[in-house]
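Reading through the structure tokens given below for one structure.
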Amino acid sequence: MVLHGERDGDNLVGTTEDKDEPFDGPYERAVLPGVGHFPPREAPAATAQAMLRLAGEMTAVRR
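Heads up: the sequence shown at position 19 corresponds to 20 in this note's numbering, and the numbers run straight through without jumps.
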């Protein structure tokens, strides 16, 4: 999972587009609107929600 802040000035949003090829397992990229370089600090609820959703999906796949 890649959580990218839309307003990240250090790593521009375009740098994470179409980067799923090197991954063997599930890959997801989410761009968080209005968020900068530190999604866990700037949008903790959205970060936690995305992580919990992915964890739930991975658990369902393993069953």
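Beta carbons are placed, not taken as given, at the ideal position from N, Cα and C, and that holds for glycine.
Asked, Found
"Is the beta carbon of residue 7 sitting closer than 8 Å to the one on residue 35?", "yes"
"Would residue 5 be called buried (16 or more neighbouring beta carbons within 10 Å of its own) or exposed?", "buried"
"By Cβ distance, which residues of its chain are closer than 7 Å to residue 66, with the 5 residues on each side in sequence left out?", "What is shown of the chain runs 2 to 64, which leaves residue 66 out entirely."
"When the Cα atoms are used, what is the spatial distance from residue 28 to residue 55?", "10 Å"
"Mapping DSSP to helix, strand and coil, what is residue 65?", "In the structure as shown, the chain begins at 2 and stops at 64. Residue 65 is therefore absent and cannot be evaluated."
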